[in-house]
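Remarks on the structure that follows.
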Amino acid sequence: MRARGLLFTSYGEPRLVVPGILGVIAAFVVALALITFTNRPRTEEERADTLMRSAKPAAAERIYARLLRERPTVPLALSLLDAHDQARLLQQIVKLRDEARGGGATGLPDAEPPMSDEELDRLIGELPEDVALVARFSRGLNAHAVPVDVHEKIAAGAAREPPAPWANHLLGREAEREGRSAEAAGFFEKEGVTFAERRSDVDAALRIWVALEDWDTLRERLADDRVAAAAGPVAKYKLAVHDADWRAAARWLPSVWAPRLGGTGLVMSAITALGWAFFCARLGKLGMRVRFRLPMYVVAFALGVASVVPTVLLIAVEEAKLRLVETGDPARDVLFFVFGVGLREEASKLLLFLPLLPILRKWGDKLDVLVCGALVGLGFAAEENLNYLAQENLQTGLGRFLTANFFHMALTGTLASALDDFVADREKNAAAFTQTSLFVVAIHGAYDFLLSHEEYGGSYFAMTAFVFLTKRFLESVESARRRADRGLTPLHAFIFAVAVVTGVSLAFATMAVGPKAAFLVMGSGLLGQAIIVYVFVRTLRTI
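Residue 339 is where the sequence shown starts when you use the working numbering, and the numbers rise one by one after that.
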C-alpha cells in the first residue's frame, strides 16, 4: 500500500514528481558508483578538456593555470592559451549580445571572465625558458604579433637536425593561419614523424591535403612508410572515397568510427538503454508473456546494435560511389540527410528486424511487432551514443539520451508495423507500406537536417518532427494494447526512463568536471527537456 501511495493519489491519478526525483537520485548514485569502480579517477587535465568541449573555457582556463604552475610543460601552456582565447571570444560575444538586447541575460552557456592579460603574461614569464619560448610564440600568434626574437629562435630550432620539439608544430600553425597551406603541411608532417608523441601532427598535414583536394600529393605522402605508420584512418578513408574504392573505404571506416572510450561511455549508454528498455517492456506488457517476450526483446535489442554493420557498409558505398556527403549547401544537404542518413539507417534497422518477423507473426501480435521494432531502434541508438559520448560535450548528453533514443525507437517501431501489415496482405497494404517508408525516411532526414542547419529553425523545428512521430507511434501502441494491464503504468515507466537518463547524465558530468560545474553545464538544457517530458506525459496519460 505504501508503494501504491507513492505512485498514485487517493483518486487513482499517477504521481510523477516524487517518483521522478527518487528515480533521479537512485540512478545518480548507482551510475556514480559504477563509473567510480570501473574507471580510474579522472585527472584535472581531463576535467579541463571536458569543460573546453562543453563551452566552459573560463573554468578550464583556471584549471590549466593551476596545473601549469605546478607542472610547467608545453602541452599545458598551449592548452591554457587556447582556453584563454576561447574565453575572451565568448566574453566578447556575450557583450555584443547584451548590447544588442539592451542588457539583461544573454542565454549563452558561459559568460565567465578569463584571467587578465597581465596575469597571463606574468605566468608565462615564470615558466622555464624552453616552455616560455613556445608559450610566447603561441601567444603572439593568437595576437597576430609574434616577437621577432622569439620567431627567429623557433625558426632556428625547426631547421636544425634533429629539430627542436614543438618548433615545426608552431611554424605549421603560423603558416596555416597565413594561408600557406602546403608549407604548413610540410611543417606538421616533419613534427609528427620526428616525435612519436605528436603523431597527430601527421594527421593535421594530411587533412590539409584533403582540404586542398590534392589527392596526388596525399597519395604520395601516404606512400612514405613513416607517414603511413603515423597516420590515422581518416585520411586513408578519404582517399579511398575519392578513388571510388568502396572496399577500402569499408575497411577504414570502422576505425574512423571506433569510439575512443573507456568503461564510462559503455556504462552510461548501457544504463540509459536499460531505462528505455524497461519503458518498452511496460508498453509491450512483458509480464503477461514473459517466456516469449523477454527473449524476443533481448534479441531485438542485440539485432539493433548489430545494425551498425550494414550502416557502415552503406556509408562507404554512398560516399565512395555516390558522392553522397554533407557539403554545407542546404539544397544538397537535404538530399544527403534524407537519401543518405535517413535511408541507410532505416534500411539497416529494418533489415535486422526481418529475422524476427516470421516468429512474431506466428506466435506474437501487433504489440509485439511494435515493441520489438522499437527495441531494434533502441539498440541502434545505444551503439550510436558511444560515438557521441566520445566527444564529451556534456551539454548535448542529456538531450541526446532523451530524444535520440526514443526517436530511433519510434522510427523503427512504426516501420516494423507497416512491414507486418504489408506481409499480411501485400496487395492491400503495398501502398501504405511505401507511404510509411517514405514518411519515416523523410522525417528522419528532416530531423537531422534541421539539427545541422540552425538557420532553418534548427532544434525547434526538429522537435516538431520528433513530437509528431512520437505521437503517431504511441497512438499505434495504444491501439495495439487494447486494454491496460496491472502494475506500473506506461507513464510511470516513462518517468523512470527519464529519471535514469537524467541521473546517469549528471553522474557522468560530475565525474568529468565536478559537481558544481556539472549542474551548471547540464542545467542549460533542462528547459528543453521539460517541454519534451510535458508532451510525453500528455500523450501517455491516455495509455
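The beta-carbon is built from N, C-alpha and C at its ideal position, and this holds for glycine as well.
What you are looking at is a predicted structure, and each value in this text was computed from that prediction instead of being measured.
Taking just the CA atoms, how far does A415 sit from A473? 6 angstroms
Following the continuous alpha helix (DSSP H) through H489, name the residue where it begins and the one where it ends. For H489, the enclosing alpha helix (DSSP H) begins and ends at V486 to A497.
I'd like the list of long-range same chain contacts for N480, defined as Cβ closer than 6 angstroms, with 5 residues on each side in sequence excluded. Once the five neighbours on either side are set aside, the close Cβ partners of N480 are D423.
Can you tell me whether DSSP reads P357 as helix, strand or coil? helix
Using a threshold of 8 angstroms, state whether the C-beta atoms of L624 and P828 are closer than that. no
Closest by C-alpha distance to F674, when choosing among V628, F787, G570 and D583: F787
How would you label D706, buried or exposed, when you count the other beta carbons within 10 angstroms and need 16 or more for buried? buried
Are there three or more Cβ pairs, one per stretch, closer than 8 angstroms when the region 709 to 723 is compared with the region 606 to 618? With the cut-off at 8 angstroms, the region 709 to 723 and the region 606 to 618 touch.
V778 - containing alpha helix (DSSP H), residue span: R764 to S790
For A542, collect the residues of the same chain with a Cβ closer than 6 angstroms to its Cβ; drop the 5 residues on either side in sequence, then sort them by chain order. F526
Which whole-angstrom value is the C-beta distance of G717 and V643, which I expect to be below 8 angstroms? 4 angstroms
Nearest to R876 by CA position, among F744, K700 and V805, is which residue? V805
Is S817 buried or exposed, if buried means 16 or more other CB atoms sit within 10 Å of its CB? exposed
Every unbroken alpha helix (DSSP H) within the region 586 to 658, with a cutoff of 4 residues, ordered by chain: 601 to 621, 628 to 644 and 646 to 658
Length of the line joining the Cα atoms of G445 and L427: Residue confidence for G445 is low, a pLDDT of 43 falling below 50, so the modelled location carries little weight; the figure read from the coordinates is stated next. Answer to the nearest angstrom: the Cα atoms are 16 angstroms apart.
Whole angstroms are fine: how far does the CA of S843 sit from the CA of D448? Bear in mind that the predicted position of D448 carries a pLDDT of just 46, short of 50, making it unreliable; the figure below should be weighed with that in mind. Spanning the two alpha carbons is a distance of roughly 20 angstroms.
Is there contact here, the region 577 to 587 with the region 642 to 659, by at least three beta-carbon pairs under 8 angstroms? yes
On the CB-based measure, 16 or more other CB atoms within 10 Å of its CB, does M801 come out buried or exposed? buried
What would DSSP say about P452, mapped onto helix, strand or coil? Coil at P452, not helix or strand.
Given 8 angstroms as the limit, is there contact between the region 397 to 405 and the region 363 to 375, that is, 3 or more CB pairs closer than that? no
Is P352 helix, strand or coil by DSSP? P352: strand per DSSP, three-state reduction.
Considering only the beta carbon of each residue, do V646 and V779 sit closer than 8 angstroms? Cβ distance not < 8 angstroms, so V646 and V779 don't count as in contact.
Start-to-end residues for the alpha helix (DSSP H) that takes in A483: Run containing A483: none; DSSP gives neither H nor E here.
Just curious, the alpha helix (DSSP H) that A403 is in, first and last residue? P395 to E408
With a 10 Å radius around its C-beta and 16 neighbouring C-beta atoms as the bar for buried, classify P452 as buried or exposed. buried
On a Cα-Cα basis, can you pick out the residue from T774, N743 and K704 that is closest to N723? N743
Just how far apart, CA to CA, sit E529 and E457? 31 angstroms
Nearest-angstrom Cα distance between G442 and D759? Note on G442: pLDDT 46, under 50, position unreliable in the model; no value is reported.
Does W553 come out as helix, strand or coil in the three-state DSSP assignment? helix
I need the DSSP call for P696, collapsed to helix, strand or coil. helix
Can you check which of these residues, I431, P357 and P410, is closest to A393 by C-alpha distance? Checking every option, the nearest Cα to that of A393 belongs to I431.
Contact defined as beta carbons within less than 8 angstroms: I believe S755 pairs with K700. What is the distance between those atoms, to the nearest angstrom? About 17 angstroms; that fails the 8 angstroms criterion.
Is A534 helix, strand or coil when you go by DSSP? helix
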